[in-house]
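A.B. asks: Mind looking over this structure? Questions follow.
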Amino acid sequence: MKPIKKVVKKIVKKGITLDDLARMVQVGFAEMDKRFENLTEEMNGRFASIEKRIDKIEERLNKIENDIRYIYGSLNVIHREIADIKERLEYTVHREELNELKKRVLVLEKKLGL
1 MKPIKKVVKK IVKKGITLDD LARMVQVGFA EMDKRFENLT EEMNGRFASI
51 EKRIDKIEER LNKIENDIRY IYGSLNVIHR EIADIKERLE YTVHREELNE
101 LKKRVLVLEK KLGL
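Okay, structure coming up:
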């Protein structure tokens, strides 16, 4: 950056008045204001885009949570059904046992003459 003395000498040499300098500063601030305005618009657009993406992610997460709840409920039902089947199997005669019992009954019937 140029030292202030050099800038002041240059301004005096060119014959720039205080009003001219004020106008130049005003134009500079207006340009900066416009740049910030453009930057703000761009940032707002990007933030809106990010918000939409986050909303979609949130929707997907909600769906996944609901699916997990459904699966968990289904697994509980299956678990209960398996427990019920196991309980019934305790009181069930297996085919091999049944065949063995049939043979024994036939032998007894023959001995008794039935």
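Heads up, the final residue of the sequence shown is numbered 114 in the numbering used here, and it's a clean run with no missing numbers.
Here a beta-carbon is modelled for each residue, glycine too, at the ideal position from N, C-alpha and C.
1. For L101, which three-state DSSP category applies?
2. What is the DSSP secondary structure of H94, reduced to helix, strand or coil?
3. If I follow the unbroken alpha helix (DSSP H) through I11, where does it start and stop?
4. Return the chain-ordered ranges of every beta strand (DSSP E) run that is complete within the stretch 13-70 and spans a minimum of 3 residues.
5. Which residues in the same chain have their Cβ closer than 8 Å to the Cβ of N76, if we skip the five residues on either side of it in sequence?
6. Given this structure, state the Cα-to-Cα distance separating G28 from K10, to the nearest angstrom.
C.D. replies: If we stick to the structure as given:
1. helix
2. coil
3. I4 to K14
4. none
5. none
6. 18 Å
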